[in-house]
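Since the structure comes first, as structure tokens, the remarks are kept for the end.
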Amino acid sequence: MAEQQKKKLEVVQTLDSDESCQTFVLHDEDHTLGNALRYMIMKNPDVDFCGYSVPHPSEHKINLRIQSRGPPAADILRRGLTELNAMCDHVQNTFEGAVEEYKMNQAMQPATENTEPMETG
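Put into structure tokens, the structure is as follows:
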């Protein structure tokens with residue numbers, strides 16, 4: 016029998032049912048995603064506050080709090096994740112293009128006897 020998989024994302028339920036202010040728990044994540052996602056979400060003009068915390072160093076999860084000026088926090092989170100994914104794709108494509116350009120330039124240069132890099136001082 017297959018082991019039940021743990022949810023990657025949880026919404027912390029509160030007594031207040033205001034959808035514009037929510038806390039999300041992202042399991043198996045750390046500061047790498049937390050800070051990048053916080054940055055992307057804070058760029059949204061509809062966001063009043065976005066912050067994250069790692070409850071304890073031995074726990075592999077982050078708590079992400081979003082407070083918006085009206086739109087549901089879940090929609091803000093979804094948009095932030097989409098924009099972060101697009102930015103990461105752009106960085107990867109730009110990097111891969113630069114690597115290819117570098118390789119092509121290296122292939123076109125004639126080989127020299129002294130292949131050690133020059134020291135700059």
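Here my numbering is used: the first residue of the sequence shown is 16, the next is one more, and so on. Note that CB positions come from ideal geometry on N, CA and C, so glycine has one too.
- Inter-residue distance for P72 and H105 is about 31 Å (C-alpha atoms, whole angstroms).
- Here DSSP, grouped into helix, strand and coil, assigns H105 to helix.
- Judged by DSSP secondary structure, T47 falls within the alpha helix (DSSP H) whose first and last residues are 46-57.
- In the assembly as shown, A101 is an exposed residue. Its beta-carbon has fewer than 16 other beta-carbons within 10 Å.
- In the structure shown, R84 falls within a coil segment according to DSSP collapsed to helix, strand and coil.
- Pairing R94 with T38 gives a Cβ-Cβ distance that is not under 7 Å.
- With respect to the 7 Å criterion, P87 and E34 are classified as neighbours on the basis of their beta carbons.
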